Amino acid sequence: MSMKIRFRDFIKQKYRRIFSNEGWNPIVAGILIGLVNIVSYIWVKKAFTVYTGFLNWGQHIYSLIGLKNVVKAPKLIPLLEPTSVGDIGAIIGAMLAASLSNEFAFRRINSRIEVFESIAGGILMALGASLAFGCNWGGFLSAITSWSLHGFAFLIGAFAGGYIGLRYVNWKAEKLVSLELLELGSSITTVKKGYKGSVKLYTSLALAILALLIIYYAIIGNPMIGGLFVGIAIGIVLQRARFCFATAFRDLFNGPENARALDIHKGIAIAILTGSIGVFALKYMGMVGESIGVAPVYITNVIGGLIFTFGAILAGGCASGLLWRTGEGHAKAWIALLSTVLTYPIFNNIIQPHLSGYPKIFIPHSIGWIQAFISMFIFVILYMVFIYYLEYRYRAK
């Protein structure tokens, strides 16, 4: 005779499943990412992006240390700039998810080469984002779901940057004798040694920071709380699914070692499909501006995508990857994050004024709304067929 499970135990089982070490399916994560991006358009009036927040942080740092002439002065404080608030939310969300799943730990850097890679990777990411008008979000995922042609240009460069990054990783694996130095290939998908501490402590810390921010927005009556919760949702999803674009593009052609990359690409394709349908409806009905998320397109978008992706592989994570790894306790992510935050305002000031004159192509205006909708479905289908072909090629017996 079976005993009826108590509701409390039932909830515990669900909790353990959500915050288990197995993580979430990347395809489920892709659906959630697409939906959160739609919510961001409705609530924050923009797609979720990352590097505008980094620009804001860097501008404030330069202002605080008295180098106001190096970059443009920030227009808003970080807690009132939409993308900055989303970035902060992503770190908090990742920290909360990592704590609840017992995965938060202070992960130290084990070699000097990691420090170099973190700094160099952050610089290259900043350069690439400046050339491509965005990172793996604003220049690729959110760009495509915003129906901007520049997102597809970034994708071409990302494939090339991922391949070059893989060659670098393999070269380093051959040259380095000590396995302890070989962290670039493992830091993206595995947990390094570090200090874990108390789960309750870090969960409480994340909740305390969140509570203070909610109180702050409630007092000033600012709608930026929407951006905060969008970022938190993104941080939780990415951390739980260990969803990283650097992994996806680095290991895509890595033979039998590319299973994780293929799964993430499936999630990316689903995120594009889900997000683009929602944004299409919002823009078609006039609920949000058609130009939102649309940036100039030129050959520099391809070059920027290449440079950014290679830099992300060096840094150990893409733009959003740095955010959720920062929230998870990776010292390498902290260094790369500081590096890219300090250099992006400089590159942005130097490069983007020379590129702003190139055309901004909103695809439905170029080929028609219905034709664009059909073309997006064809693109996603071809994307999935390509990914499943690679899976067949490397898995079929």
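Note that numbering that gives the first Met the number 0 numbers the sequence shown so that position 91 is 90, with each residue one more than the last.
Using N, Cα and C, we set each Cβ at its ideal position, and we do this for glycine too.
This one's a predicted model, so the numbers in the text were calculated from it and none came from an experiment.
Confirm, please, whether the CB-CB distance from residue j to residue i is below 9 Å.
i: residue 306; j: residue 161; result: no
i: residue 348; j: residue 71; result: yes
i: residue 157; j: residue 252; result: no
i: residue 262; j: residue 30; result: no
i: residue 40; j: residue 287; result: yes
i: residue 303; j: residue 153; result: yes
i: residue 89; j: residue 231; result: yes
i: residue 268; j: residue 386; result: yes
Identify, in the order they occur along the chain, each residue of the same chain with its Cβ nearer than 7 Å to the Cβ of residue i, setting aside the five sequence neighbours on each side.
i: residue 372; result: 279
i: residue 83; result: 52, 55, 56 and 77
i: residue 4; result: none
i: residue 289; result: 282 and 361
i: residue 350; result: 129 and 130
i: residue 148; result: 296, 360 and 362
i: residue 34; result: 273
Compute the Euclidean distance between the alpha carbons of residue i and residue j, then round it to the nearest angstrom.
i: residue 135; j: residue 318; result: 7 Å
i: residue 32; j: residue 229; result: 10 Å
i: residue 241; j: residue 212; result: 26 Å
i: residue 69; j: residue 344; result: 9 Å
i: residue 92; j: residue 121; result: 22 Å
i: residue 333; j: residue 142; result: 26 Å
i: residue 200; j: residue 363; result: 50 Å
i: residue 339; j: residue 124; result: 7 Å
i: residue 377; j: residue 234; result: 30 Å
i: residue 36; j: residue 164; result: 28 Å
i: residue 223; j: residue 43; result: 7 Å
i: residue 329; j: residue 113; result: 12 Å
i: residue 219; j: residue 108; result: 40 Å
i: residue 207; j: residue 214; result: 11 Å
i: residue 139; j: residue 266; result: 14 Å
i: residue 260; j: residue 144; result: 21 Å
i: residue 66; j: residue 342; result: 13 Å
Can you tell me whether residue i is buried or exposed? The criterion is at least 16 other CB atoms within 10 Å of its CB, across all chains shown.
i: residue 384; result: exposed
i: residue 179; result: Reliability of the predicted coordinates at residue 179 is poor, the pLDDT of 47 falling under 50, and no value is obtained from them.
i: residue 146; result: buried
i: residue 50; result: buried
i: residue 256; result: exposed
i: residue 98; result: buried
i: residue 238; result: buried
i: residue 216; result: buried
i: residue 370; result: exposed
i: residue 210; result: exposed
i: residue 391; result: exposed
i: residue 126; result: buried
i: residue 247; result: buried
Please work out which residues of its chain come closer than 6 Å, Cβ to Cβ, to residue i, disregarding the five sequence neighbours upstream and downstream, and give them in chain order.
i: residue 336; result: 321 and 325
i: residue 94; result: 205 and 326
i: residue 119; result: 313
i: residue 367; result: none
Closer than 8 Å by C-beta to residue i: which residues in its own chain qualify, once you throw out the five before and the five after it? Chain order, please.
i: residue 137; result: 46, 48, 49, 50, 51, 128, 292 and 294
Any alpha helix (DSSP H) of 4 or more consecutive residues that is wholly inside the region 221-254: 224-240 and 244-249
Considering only residues of the region 289-364, which uninterrupted beta strand (DSSP E) runs meet the minimum length of 3 residues and lie entirely inside it, listed in chain order? none
Within the region 68-110, ranges of the alpha helix (DSSP H) (whole runs, at least 4 residues): 81-99
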